[in-house]
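First the structure, in the form of structure tokens, and then the observations on it.
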Amino acid sequence: MSRHGWTGRIAHVDLGSGRVEIEEPSPEDLALDLGGKGLAGRHIHASGPRDWDDPDLPFVLAVGPLVGTIAPTPGRATLMCRSPLTGAVGDSSVGGRLGVTLKRAGFDALVLAGRAPRLSGLVVEHGAVRLADARELAGAGTDTVFERLEDFGSVACVGPAAESGALLASVQVDRHHAAGRGGLGLVLARRGIKFIALRGAGKVPVADPAGLKAAREEILRLTHASPALMGSQGFSCFGTGSIFDLMDSRRMMPTDNFSRTRFPRAAGLNAYAYKERYRPEKHGCHGCHIRCKKVAADGRSMPEFETMSHFTALIGNTDPELVVAANAACNRLGLDTISAGSTLACHREITGRDLAPDQVLSLLEDMGRGQGQGRELAQGAARLARDRGRPELAMAVKGLELPAYDPRGAYGMALAYAVSTRGGCHLRAYPVSHEILRKPVATDRFTFSGKARIVKIAEDANAVVDSLTACKFTFFAASLEEYAKAYTAVAGVESSAQDLLRLGERIYYRERMMNAAWGFNAEHDDLPPRFFTEPGDNTGEFPVPPLDRAEFLQARAAYYAIRGLDEEGRPTDATARRLGLA
Amino acid sequence: MKSLLDKYAGKLVAAGLAPEGGPLVAGLDAELEWSREAKETAVLGELFSLLNINSLVFSPLAEPHRSLVEALAQEAQGAITPEDCETRTFLHDLPVVRDFAPEPLAAALKRRKGCIIPGRGLLAHGTVSPEQGFVTVSSMAFACFVKFFSDHLAALRRGAVDAAARERFARIASLLPPLRTALPDLDRGPFAAAGDAVRAMVQAGKATVDFGLVDSYFGNISYLVDDTLHISQTGSSLDELAGLIDPCPLDGSTSHGLTASSELTAHREVLLRTRARAVLHGHPRFSVILSMDCTEADCPLRGACHARCPMGRCVADVPVVPGEVGTGPTGLCNTMPAAMVGKRGVLVHGHGLFTVGQDDFREAFSALLSIENLCRSEYFNRVAALSA
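Note that the protein sequences, when read in sequence, are chains A and B.
Counting in the numbering used here, the first sequence tops out at residue 770, every number present.
Counting in the numbering used here, the second sequence tops out at residue 390, every number present.
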């Protein structure tokens, strides 16, 4: 088998000694795990069921075979470890230039173990890896780190939130991008790593350049035909915030800590309003033609949809400038905006006191600095609600705060939230695609019928996307059919959409195995009780009732059967053997 | 699930693509369900264990689709590659599988959305809904129809049609349904209220499907009320538009158009340039066929006609323009709206036909039907002239 697409080199770094060993996996092994999420999962699974702060549990940065080629939207990378926030699998697909620069520097993955004796940076350049002293950056905001390291091709770093022990700590990448969810920033900080700085000039060999060009044209044609991506009101023009109006009209906008599903002031807080006010420029991940990221004229990152929604409807705010400022603060401090917004909403409901704009910013600053009340809030909604004796008010699954799609308005999303391996995550199965955006075809969002298998197949597909490592947004338009052609052309590995789905099934099942070893079962595959007892806001056209508990449990049981799990949601030996995981 | 299976089986019959009782649709969640009992389920059921899918649509074809697909498959080497927009954008090619057995069928469906099974019909799968298989089967039938008649005209231009081919063509042409000329009684405009406009759109959309001027979920329709463009949603079937029309302010001040048709920009431009209120877009088969008929044998842009044809051709008074779906640099939003000024309709190469109405869809629908009838007559005129 050829070694196109991959560099064929994985750097294992002992952060304690600075020693670096290069693993050269066989092309067959690389093709089995693909890269990104698959490759990272292999290393974490192999290390056994360790605590997230066990130095022998690796923290992995990995990219896929498409990265660094002309395949559309290949500018992603995966960060993975066990989540400090949830205790489950913690991974994030992140954009910017991180993935392509790692590849150009000569590596498919960095596997970090041990703990640096002092605050350090990891410098990866031109095929070599070394530790650098980062003590002068202790406590620095991510903006300072990016300024200090601007000569590098790409930089990932943590902010003061991670250094002060926040479970909501993100890893910020190239100023405008974030591996936000699950507290991965805290893992890096505990390993003594402030930043990873990379540069390189290597090329990625492609087996069939003409075939890749043909696949690229097919994918571009499909994305240009996608209203959600390239339409005049789509992500390319307005960013992910363009979905804000739909969430309002579908009565799916989480409001007042998910106690309601419509925010009466939403109309003036949509993507158009932000565009008019901030005149943002388009910005994108390396090699992306969609360029959904937006940067305001003053240089601040424009908030993504979830941040727009959670820092308005969820916490009762109507000031867009507060949203932009909160987003900037989270980026600087290294906090996940979704979890931070949701935790503030939980705090607001528990105390029964509204949050003034300056209070929001002050609490975020305290969360990022580990001071005052912020220290408690930085542990996330689940711990906050538990410690205040109101555990039912944490709008989280497996401890991960829910994003801005109310599950009472999309039953596939409800099931997907519950069974996701990383907790309250919309991206594992991404039912928004068919339940809201009508792609590849529309499904009835108010039924569980058929959703168990749809969720399972979509999880498999997205495991492939995160392993290749491409952008999930592209799959509002293209499919694995076109990406299989691109993968075949890049790697020289004959493959089809169904071949890739089988690899995705294996990658995803391994995550269920890791979670089971960490103690997760059906008890954790559940939603907050509010969704089964309280209705959403009716529109007059359609009611938004509470989820039917019996139907939900029936759908979850169907999912377990389809996924090859036992009745408690645990992996079985038979399925593990079938997938080559036992 | 069963009602969904029956729905798409019924739609294939209603569209004239399949014989009554022919389609077989399956859906799998926890359990596998079929739209009806059939001997083919033994083979097709195996596909669910070979593929990570949740639905299948298998359909024998009604005439003339059956005969023309058989004719194309007879000469195919592995796959058929039509050059219409639906194939180019969504299907890529149509594999031909001669052995009705699980493994060869699975091998084809591993890499494509559907396949042709000579002597039996068309087969397609889905990972979300049986609607995917329905759309694929419908698109494959459309693509084969366009390819068969396009290939014959092109072969006549090359002088490469033998007696057997002429005889086969004549037989298949004789199976075409008769021309329809009587117009439906659509609501009269102009419509000042959004509700009236939406009702007229639902009505006109259904008529467009009933007259066979568009298949599956292709085509789109819009109407301008004040400063808001009401347009069908992406992936909506024109015969089921109720509740699936998005209001899109012309100033872009909301993003409800995120689920609007991929041709929102093109519709908007047409309305701004022509002062019309109604836009209707279908994929009438002979309109698409004639849009692809070209006499430039040695054109250096051959293969890129759909995106870059510079010839400025017309069919009678109807301009033919290049343009791909959506808003890309070669998107039809850059070509079609300008060509619509002063015209009743515009043909987009290999794709379909756009028409307009000043006040309502009576004019737009009339144009759609009459241009399709014109194209069908003109097609057979060209065939006759080249055959003489």
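The beta carbon of each residue, even a glycine, is placed where N, CA and C say it ideally should be.
{"Check": "Cβ neighbour criterion (16 or more within 10 Å) applied to residue 5 of chain B", "Outcome": "exposed"}
{"Check": "Short CB-CB distance (under 8 Å) between residue 133 of chain B and chain A", "Outcome": "yes"}
{"Check": "DSSP state of residue 54 of chain B mapped onto helix, strand, coil", "Outcome": "coil"}
{"Check": "Alpha carbon of residue 366 of chain B to alpha carbon of residue 204 of chain B, nearest angstrom", "Outcome": "14 Å"}
{"Check": "Chain-ordered residues of the segment 107 to 130 of chain B with a beta carbon less than 9 Å from chain A", "Outcome": "108, 109, 111, 112, 113, 114, 115, 128, 129, 130"}
{"Check": "Closer than 8 Å at the beta carbon, the chain A residues around residue 326 of chain B", "Outcome": "409, 412, 413"}
{"Check": "Where residue 725 of chain A meets chain B, residues with beta-carbon distance less than 8 Å", "Outcome": "Result: empty, since nearest Cβ-Cβ is about 18 Å, beyond 8 Å."}
{"Check": "Burial state of residue 58 of chain B, where buried means 16 or more other Cβ atoms lie within 10 Å", "Outcome": "buried"}
{"Check": "Interface flag, residue 593 of chain A vs chain B, CB-CB below 8 Å", "Outcome": "no"}
{"Check": "Option nearest residue 304 of chain A by Cα separation, candidates A/444, A/242, A/343", "Outcome": "A/242"}
{"Check": "Residue 318 of chain A, buried or exposed, once every other Cβ within 10 Å from all chains shown has been counted against 16", "Outcome": "exposed"}
{"Check": "Residue 581 of chain A versus residue 240 of chain A: straight-line alpha-carbon distance, rounded", "Outcome": "26 Å"}
{"Check": "Contact residues within the segment 463 to 485 of chain A, judged by C-beta distance below 8 Å to chain B", "Outcome": "none"}
{"Check": "Residue 405 of chain A, buried or exposed, once every other Cβ within 10 Å from all chains shown has been counted against 16", "Outcome": "exposed"}
{"Check": "Sequence-distant residues of the same chain with beta carbon closer than 6 Å to residue 326 of chain A, five excluded per side", "Outcome": "307"}
{"Check": "Nearest neighbour of residue 726 of chain A, chosen from A/431, A/714, A/450 [CA to CA]", "Outcome": "A/450"}
{"Check": "Length of the line joining the Cα atoms of residue 348 of chain A and residue 89 of chain B", "Outcome": "53 Å"}
{"Check": "Simplified DSSP state of residue 138 of chain B, which is helix, strand or coil", "Outcome": "helix"}
{"Check": "DSSP three-state assignment for residue 85 of chain B, whether helix, strand or coil", "Outcome": "coil"}
{"Check": "Buried versus exposed, by CB contacts within 10 Å (16 or more), residue 343 of chain B", "Outcome": "exposed"}
{"Check": "Within 8 Å of chain A by C-beta, residues of the segment 212 to 238 of chain B in sequence order", "Outcome": "219, 235, 236, 237, 238"}
{"Check": "Distance cut-off 7 Å: residue 600 of chain A Cβ against heavy atoms of the ligand MG", "Outcome": "In the structure shown, the ligand MG is absent, as is every other ligand, since no ligand is present at all."}
{"Check": "C-alpha distance - residue 403 of chain A paired with residue 184 of chain B, whole-angstrom precision", "Outcome": "45 Å"}
{"Check": "Members of the segment 247 to 274 of chain B near chain A, C-beta cut-off 8 Å", "Outcome": "250, 254, 255, 256, 257, 258, 259, 260, 261, 262, 263, 264, 266, 267, 270"}
{"Check": "Sequence-distant residues of its chain with Cβ nearer than 6 Å to residue 396 of chain A (five each side left out)", "Outcome": "677"}
{"Check": "Length of the line joining the Cα atoms of residue 440 of chain A and residue 618 of chain A", "Outcome": "15 Å"}
{"Check": "Extent of the continuous alpha helix (DSSP H) to which residue 307 of chain B belongs", "Outcome": "307 to 310"}
{"Check": "For residue 98 of chain B and residue 240 of chain B, the rounded distance between their alpha carbons", "Outcome": "30 Å"}
{"Check": "Short-range partners of chain A found in the segment 31 to 45 of chain B, where Cβ spacing is below 8 Å", "Outcome": "31, 32"}
{"Check": "Any C-beta of chain D under 8 Å from that of residue 391 of chain A", "Outcome": "The structure shown contains no chain D; its protein chains are A and B."}
{"Check": "Start and end residues, beta strand (DSSP E) containing residue 234 of chain B", "Outcome": "230 to 234"}
{"Check": "Outcome for residue 403 of chain B when other beta-carbon atoms lying within 10 angstroms are tallied against a minimum of 16", "Outcome": "In the structure as shown, chain B starts at 3 and stops at 390, and residue 403 of chain B therefore has no counterpart that could be examined."}
{"Check": "Beta strand (DSSP E) segment containing residue 211 of chain A, residue limits", "Outcome": "208 to 211"}
{"Check": "Cβ-based contacts, 9 Å cut-off: residues of the segment 611 to 628 of chain A near chain B", "Outcome": "621, 622, 624, 625, 626, 627, 628"}
{"Check": "For residue 726 of chain A, three-class secondary structure by DSSP", "Outcome": "coil"}
{"Check": "DSSP bridge partner residues for residue 294 of chain B (one or two, in chain order)", "Outcome": "In DSSP, residue 294 of chain B forms no bridge with anything."}
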